[in-house]
Each structure stands twice: as structure tokens, then as C-alpha cells.
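In the working numbering, the protein residues as written are 17 to 64.
Every residue, glycine too, gets a C-beta built ideally from N, C-alpha and C.
From a predicted model like this one, the values you see are computed outputs, not experimental measurements.
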Amino acid sequence: MYESMRDRGQVPPEDSEAFEAAADHRRAELASGRIWDKIPPHVWQYVK
């Protein structure tokens, strides 16, 4: 979904930073298998 919205220009430029941060946060949750309010630093090593 992330790539689809990004590539079709559906994310306004003023929201792109927040959109990227949310996508990274979700990737970290998927990599760890847990839902986090704040991602622990050690989890980021598993996010590509």
C-alpha cells in the first residue's frame, strides 16, 4: 500500500515526512511481531 500511494502521488508534499515515518513505524512493528507506541532502538536493526 505504501508504494502504491507514494508512486501515484497520493501523499501531499506537506504530509510526506509523516507518511514516511508512519510507514517506517509499521515496518518495525511487522519485523518485531509486536505493536509499539514507540519503537525501541534495538528493533530498528531489523527494518529494511
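- Each residue's CA atom was taken as its position, placing P56 and G25 some 31 Å apart.
- DSSP places H41 inside the alpha helix (DSSP H), whose first and last residues are 32-48.
- Each of M21, W52, V59 was checked against the Cα of E36, and the nearest Cα belongs to M21.
- Here the alpha carbons of A38 and G49 stand approximately 16 Å from one another.
- Taken through DSSP and simplified to helix, strand or coil, V63 comes out as coil.
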